[in-house]
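Student: Here's a structure for you.
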Amino acid sequence: MARRDRSPAESGGATRRTFLLGGAVAGVGAAAAIGIDAAVSARAQDPGASTPLNGETTVPFYGMHQAGVDTDAQAHVSLIALDLLAEVDRDGMRRLMRTLTDDAARLTQGRGALADTEPELAVAPARLTVTFGFGPAFVARAGASAPAWLQPLPAFGIDRLRPEYGDGDLLLQVAADDPVTVAHAARMLLKDARAFAAVRWVQQGFRRAHGTERPGTTMRNLFGQVDGTANPVPGTTAFDDIVWAREGWLAGGTGMVVRRIAMDLDKWDHLDRPGRDQAVGRYQSSGAPLTGTDEFDEPDFDATDAIGFPVIAEFSHLRRSRPDDPTQRIFRRGYNYDQTPPAGAVSDAGLLFVSFQADIERQFVPIQRRLDELDLLNEWTTPIGSAVFAVPPGCREGGFIGEGILS
Amino acid sequence: MTLRTLRVSALAAAAVLALAGCSAPASSAPASSQADAFSSTDVWVKAADSGMTAGFGELRNDGDTDLTVVSATDEATSAMELHETVPNESGQMVMREVEGGFVIPAGGSIELAPGGNHLMFMDVTSPLRAGEETTITLTFADDSTAEITAPVKEFSGANENYEGGDMGDMGDMDMGH
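Going line by line, the protein sequences match chains A and B.
Residue numbers for the first sequence follow our numbering, beginning at 281 and rising by one.
Residue numbers for the second sequence follow our numbering, beginning at 7 and rising by one.
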């Protein structure tokens with residue numbers, strides 16, 4: 281009943297095209313039998329009969345990697361950080377993760393969780409994924425050795441971190457193309473986590489709704505910028521090398537950085553289009569580098585203008601964030617946020633920056649250090665939340681997420 | 007979704023099935039016993055440190071004659087009863103021990119659910135903690151038995167069974183026996 285959709289080939293639309301093609305072939309057969317006009321009008325009157333519902337689409341839960349990392353980003357996300365209660369020991373952590381794993385396995389496949397009081401809300405998974413991440417204290421309490429990078433990021437000069445958006449022992453990334461699905465799944469998981477952990481923070485984000493633009497379109501942030509052009513493509517060797525950890529209990533897992541970046545939309549309004557393009561090093565209109573015409577053109581950092589200045593300025597975000605060292609790459613999977621503004625203001629918006637990389641210290645930190653030292657965009661953006669998690673590998677049916685350190 | 011009945015020892019089944027809430031006939035059951043036709047899906051038990059609690063889930067009968075569950079046990083409780091929830095003379099819903107046990111129709115199933123029929127844990131003697139599994143043994147009319155491995159879950163509902171924490175104070179609900 282539900283369609284599967286996870287591999288990049290499928291998420292690019294191949295499955296959907298195949299499905300629609302099947303419908304067209306059936307239509308030809310029907311046309312031969314009852315006349316083309318009748319067939320066409322019948323199809324026009326009942327488009328639902330041949331159009332698969334996105335709500336029925338599922339992403340496999342079990343596998344070598346957890347879903348929700350290489351999954352085409354869904355439209356809605358809730359990031360929820362939990363802190364373990366003081367009395368919860370390793371046995372309690374195992375019981376917690378077995379329960380949450382079972383909930384996620386059912387919910388992502390469009391079934392109510394066990395003891396779900398609203399299973400009717402689970403029947404439209406809409407590509408729901410639930411991804412678990414372990415904070416430093418979780419790994420320590422499990423008695424496992426943590427990778428060296430599993431610790432709060434170094435303090436950056438641009439940071440104005442607020443504790444209510446920082447750190448956490450256990451992260452739940454709940455994402456789907458439907459906000460009701462996200463709300464129900466998060467609610468179910470939190471009910472089952474309640475005996476073990478308390479909510480530390482919740483951060484919700486959104487992208488374009490499903491069906492608004494072609495799959496694979498780079499997202500735009502609320503500054504209007506095309507954001508994430510340089511991302512490696514899931515399913516490629518480059519992606520695998522950048523994202524997946526190779527060693528120990530984390531093999532098949534990854535490192536996750538969550539940063540809440542406040543964006544001053546009012547101040548950004550003061551900047552005219554040429555200034556915006558200069559700050560980023562890309563045209564806001566197309567996302568193309570200032571030395572190119574297409575979003576995916578390689579930037580030419582050596583190009584100079586008539587009076588000898590670099591076309592892509594040294595202080596631009598593109599120049600500063602682009603590493604010369606090819607191992608310093610990350611995979612970004614962020615979301616916008618736009619919340620109730622404080623009194624007297626008209627917006628409280630920004631970017632829920634999420635990146636996945638095998639080694640946060642080696643890949644993420646050098647990039648962030650450069651941006652901290654110099655990036656014109658810092659005039660308009662302020663990191664106000666920061667958290668780091670180890671995302672363990674996936675599991676097989678019958679197993680549970682985190683079994684590598686809890687069983 | 008899929009019903010899985012493993013014709014293996016209950017211990018092995020418990021080891022592989024984790025949170026699946028599946029059942030296996032006890033290996034001692036003779037061939038063509040009632041237990042052989044039995045299977046269960048998504049059985050779970052409400053967490054409780056002590057006192058009363060309940061178990062829920064789907065009980066199936068894949069045989070061609072009706073199957074009757076006459077009793078149930080679990081090491082976590084000193085006694086267990088098979089309960090139904092029915093209206094009394096004044097229309098109030100009350101729960102009581104079902105007469106003659108749970109009858110699972112041939113080729114059919116019954117649903118045990120909060121607010122409906124359930125397996126009543128009368129006195130929890132070792133805590134049933136969320137995320138653990140517990141083993142419920144059902145006995146059928148022909149004395150054959152089946153074991154169900156059921157996960158324990160936190161649950162806020164199903165309070166009519168034991169609101170107030172002891173058998174002398176059941177809130178608004180009449181135990182009916």
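Idealized CB from N, CA, C, for every residue including glycine.
Residues of chain B with a CB under 7 Å from the CB of Leu362 (chain A): which are they?
Tutor: Position 82 of the first sequence, counting from 1, holds the residue named residue 362 (chain A). None at all; the shortest Cβ gap to chain B is about 14 Å.
Student: With a threshold of 9 Å between beta carbons, is Phe476 (chain A) in contact with chain B?
Tutor: Reading the first sequence from its first residue, position 196 is the one you call residue 476 (chain A). Answer yes: the Cβ-Cβ gap between Phe476 (chain A) and chain B drops below 9 Å somewhere.
Student: State the DSSP-derived secondary structure class of Glu398 (chain A), mapped to helix, strand or coil.
Tutor: What you label residue 398 (chain A) is simply residue 118 of the first sequence in a count that begins at 1. Glu398 (chain A): coil per DSSP, three-state reduction.
Student: Is it buried or exposed, Gly177 (chain B), if we count other Cβ atoms within 10 angstroms and call 16 or more buried?
Tutor: Here residue 177 (chain B) refers to the residue found at position 171 when the second sequence is read from its first residue. Because Gly177 (chain B) sits at a pLDDT of 37, beneath the cut-off of 50, its placement in the model cannot be relied upon, and the following sentence gives the value as read from the coordinates. The residue in question, Gly177 (chain B), is exposed, as its Cβ has fewer than 16 Cβ neighbours within 10 Å.
Student: Could you please give me the residues that DSSP links to Ala477 (chain A) through a beta bridge?
Tutor: Start at 1 with the first residue of the first sequence, and residue 477 (chain A) comes out as number 197. In the DSSP secondary-structure assignment, Ala477 (chain A) is bridged to A:Leu364.
Student: Against Leu376 (chain A), what residues of chain B qualify as contacts under a CB-to-CB distance less than 7 Å, listed in chain order?
Tutor: Indexing the first sequence from 1 puts residue 376 (chain A) at position 96. Near Leu376 (chain A) (Cβ distances below 7 Å), the residues of chain B are Gly137.
Student: Step through the CB atoms of chain B and report whether any lies within less than 9 Å of the CB of Thr379 (chain A).
Tutor: Numbered from 1 along the first sequence, position 99 holds the residue referred to as residue 379 (chain A). So yes, Thr379 (chain A) belongs to the interface.
Student: Mind listing the chain B neighbours of Thr397 (chain A)? Cutoff is C-beta to C-beta under 9 Å, in chain order.
Tutor: Stepping through the first sequence from its first residue, residue 397 (chain A) is reached at position 117. Near Thr397 (chain A) (Cβ distances below 9 Å), the residues of chain B are Pro120, Phe161, Ser162, Gly163.
Student: On the criterion of 16 or more Cβ atoms from any shown chain inside 10 Å, does Gly533 (chain A) qualify as buried, or is it exposed?
Tutor: The count along the first sequence starts at 1 and reaches residue 533 (chain A) at position 253. The residue in question, Gly533 (chain A), is buried, as its Cβ has 16 or more Cβ neighbours within 10 Å.
Student: Please classify Trp50 (chain B): does DSSP put it in a helix, a strand, or coil?
Tutor: The sequence position of residue 50 (chain B) within the second sequence is 44, counting from 1. The answer is strand: DSSP assigns Trp50 (chain B) an E or B state.
Student: If distances are taken between C-alpha atoms only, which option among A:Arg474, A:Trp429, A:Ala518, A:Thr607 comes closest to Val671 (chain A)?
Tutor: Counting from one through the first sequence, the residue named residue 671 (chain A) turns up at place 391. Looking at A:Arg474, A:Trp429, A:Ala518, A:Thr607, the one whose alpha-carbon comes closest to that of Val671 (chain A) is A:Trp429.
Student: Verify the CB distance criterion: does Lys471 (chain A) have a CB-CB separation below 9 Å to chain B?
Tutor: The residue you call residue 471 (chain A) lines up with position 191 of the first sequence. True, the Cβ-Cβ gap to chain B drops below 9 Å.
Student: Distance, Cα to Cα, Ile522 (chain A) vs Thr516 (chain A)?
Tutor: The residue you call residue 522 (chain A) lines up with position 242 of the first sequence. The residue you call residue 516 (chain A) lines up with position 236 of the first sequence. Going from the Cα of Ile522 (chain A) to the Cα of Thr516 (chain A) covers about 10 Å.
Student: Just to check my reading of the structure: Arg612 (chain A) and Ser635 (chain A) have Cβ atoms closer than 8 Å, yes? What is that Cβ distance to the nearest angstrom?
Tutor: As a working note, residue 612 (chain A) is residue 332 in the first sequence. As a working note, residue 635 (chain A) is residue 355 in the first sequence. About 5 Å separates the two Cβ atoms, so the contact holds.
Student: Excluding sequence positions up to five away, which residues of its chain have a Cβ less than 6 Å from the Cβ of Val462 (chain A)?
Tutor: Here residue 462 (chain A) refers to the residue found at position 182 of the first sequence. Here the set comprises His356, Ser358, Val454, Ala456.
Student: Under a Cβ-count criterion, where at least 16 other Cβ atoms within 10 Å of its own Cβ denotes burial, should Asp317 (chain A) be classed as buried or exposed?
Tutor: Working through the first sequence from its first residue, we reach residue 317 (chain A) at position 37. Residue placement at Asp317 (chain A) is poorly supported in this model, since its pLDDT is 45, which falls under 50; the coordinates are not used for a value here.
Student: Does any residue of chain A bring its CB to less than 9 Å from the CB of Ala147 (chain B)?
Tutor: Within the second sequence, residue 147 (chain B) is the residue found at index 141, counting from 1. By this cut-off, Ala147 (chain B) is not an interface position.
Student: Check the C-beta distance from Phe669 (chain A) over to Phe503 (chain A) and give it rounded, since I have them as a contact under 8 Å.
Tutor: Counting from one through the first sequence, the residue named residue 669 (chain A) turns up at place 389. Counting from one through the first sequence, the residue named residue 503 (chain A) turns up at place 223. That belief does not hold up - the Cβ atoms of Phe669 (chain A) and Phe503 (chain A) are roughly 27 Å apart, past 8 Å.
Student: From the beta carbon of Ala53 (chain B), is the nearest beta carbon of chain A less than 9 Å away?
Tutor: Here residue 53 (chain B) corresponds to residue number 47 of the second sequence, with the count starting at 1. Chain A, which has a Cβ nearer than 9 Å to the Cβ of Ala53 (chain B), makes this yes.
Student: Run through the segment 387-445 of chain A for me and flag every whole alpha helix (DSSP H) of 4 or more residues, listed as ranges in chain order.
Tutor: 416-421
Student: Please confirm whether Ser666 (chain A) and Val538 (chain A) have their CB atoms less than 9 Å apart.
Tutor: Counting from one through the first sequence, the residue named residue 666 (chain A) turns up at place 386. Counting from one through the first sequence, the residue named residue 538 (chain A) turns up at place 258. The Cβ atoms of Ser666 (chain A) and Val538 (chain A) sit closer than 9 Å to each other.
Student: Does chain A have any CB closer than 9 Å to the CB of Phe108 (chain B)?
Tutor: Taking the first residue of the second sequence as position 1, residue 108 (chain B) is located at position 102. Not closer than 9 Å to any Cβ of chain A, the Cβ of Phe108 (chain B) fails to qualify, so no.
Student: Which value, in whole angstroms, describes the spacing of the CA atoms of Phe680 (chain A) and His345 (chain A)?
Tutor: Locating residue 680 (chain A) in the first sequence gives position 400, counting from the first residue. Locating residue 345 (chain A) in the first sequence gives position 65, counting from the first residue. Taking the straight line from one Cα to the other gives about 12 Å.
Student: Please state whether the Cβ-Cβ distance between Leu144 (chain B) and Asp55 (chain B) is less than 9 Å.
Tutor: Counting from one through the second sequence, the residue named residue 144 (chain B) turns up at place 138. Counting from one through the second sequence, the residue named residue 55 (chain B) turns up at place 49. The answer is no: Cβ separation not under 9 Å.
Student: By a C-beta neighbour count over all protein chains shown, 10 Å radius and 16 as the cutoff for buried, is Glu138 (chain B) buried or exposed?
Tutor: The residue labelled residue 138 (chain B) in the question sits at position 132 within the second sequence. The residue is buried, with at least 16 neighbouring Cβ atoms inside 10 Å.
Student: If distances are taken between C-alpha atoms only, which option among A:Ala489, A:Asp544, A:Leu469 comes closest to Thr261 (chain A)?
Tutor: This structure gives no information on residue 261 (chain A), because the portion of chain A shown stretches from 281 to 687.
Student: Within 9 Å (strictly less), CB to CB, does Phe44 (chain B) reach chain A?
Tutor: Translated into positions along the second sequence, residue 44 (chain B) becomes position 38. Cβ-Cβ to chain A under 9 Å: no for Phe44 (chain B).
Student: Assign Gln637 (chain A) to one of two classes, buried (16 or more other C-beta atoms within 10 Å of its C-beta) or exposed (fewer than that).
Tutor: For the purposes of this step, residue 637 (chain A) is identified with residue 357 of the first sequence, where counting begins at 1. Counting C-beta atoms within 10 angstroms of its own C-beta, Gln637 (chain A) has 16 or more neighbours from the protein chains shown and is therefore classed as buried.
Student: If you draw a straight line from the C-alpha of Ser38 (chain B) to the C-alpha of Thr71 (chain B), how long is it?
Tutor: Taking the second sequence and counting its residues from 1, one reaches residue 38 (chain B) at position 32. Taking the second sequence and counting its residues from 1, one reaches residue 71 (chain B) at position 65. Taking the straight line joining both Cα atoms gives about 11 Å.
Student: Any contact of the segment 492-507 of chain A with the segment 398-411 of chain A, i.e. 3+ C-beta pairs under 8 Å?
Tutor: no
Student: Please state if the CB of Glu398 (chain A) and the CB of Gly263 (chain A) are separated by a distance shorter than 9 Å.
Tutor: Here chain A covers residues 281 to 687 and nothing more, so residue 263 (chain A) does not appear.
Student: Give the range of the beta strand (DSSP E) segment to which Phe669 (chain A) is assigned.
Tutor: For this step, residue 669 (chain A) is matched to residue 389 along the first sequence. Residues 661-671.
Student: Looking at Val104 (chain B) and Phe93 (chain B), is the spacing between their C-beta atoms short of 9 Å?
Tutor: Within the second sequence, the letter at position 87 stands for residue 93 (chain B). Within the second sequence, the letter at position 98 stands for residue 104 (chain B). Here the sequence assigns Pro to residue 93 (chain B), which means Phe is not the residue at that position. Against a cut-off of 9 Å, the Cβ pair of Val104 (chain B) and Pro93 (chain B) comes out as no contact.
Student: Mapping the DSSP letters down to three states, classify Ala347 (chain A) as helix, strand or coil.
Tutor: Taking the first sequence and counting its residues from 1, one reaches residue 347 (chain A) at position 67. Here Ala347 (chain A) sits in coil by DSSP.
Student: Quick check on Gly302 (chain A): buried or exposed, where buried means 16 or more other Cβ atoms within 10 Å of its Cβ?
Tutor: As a working note, residue 302 (chain A) is residue 22 in the first sequence. Bear in mind that a pLDDT of 33 at Gly302 (chain A), under 50, signals an unreliable position, so the model cannot answer this.
Student: Going by C-alpha distance, which of B:Asn67, B:Val76, B:Val51 is nearest Ala60 (chain B)?
Tutor: Here the question's residue 60 (chain B) lines up with position 54 in the second sequence. Ranking B:Asn67, B:Val76, B:Val51 by Cα distance to Ala60 (chain B) puts B:Val51 first.
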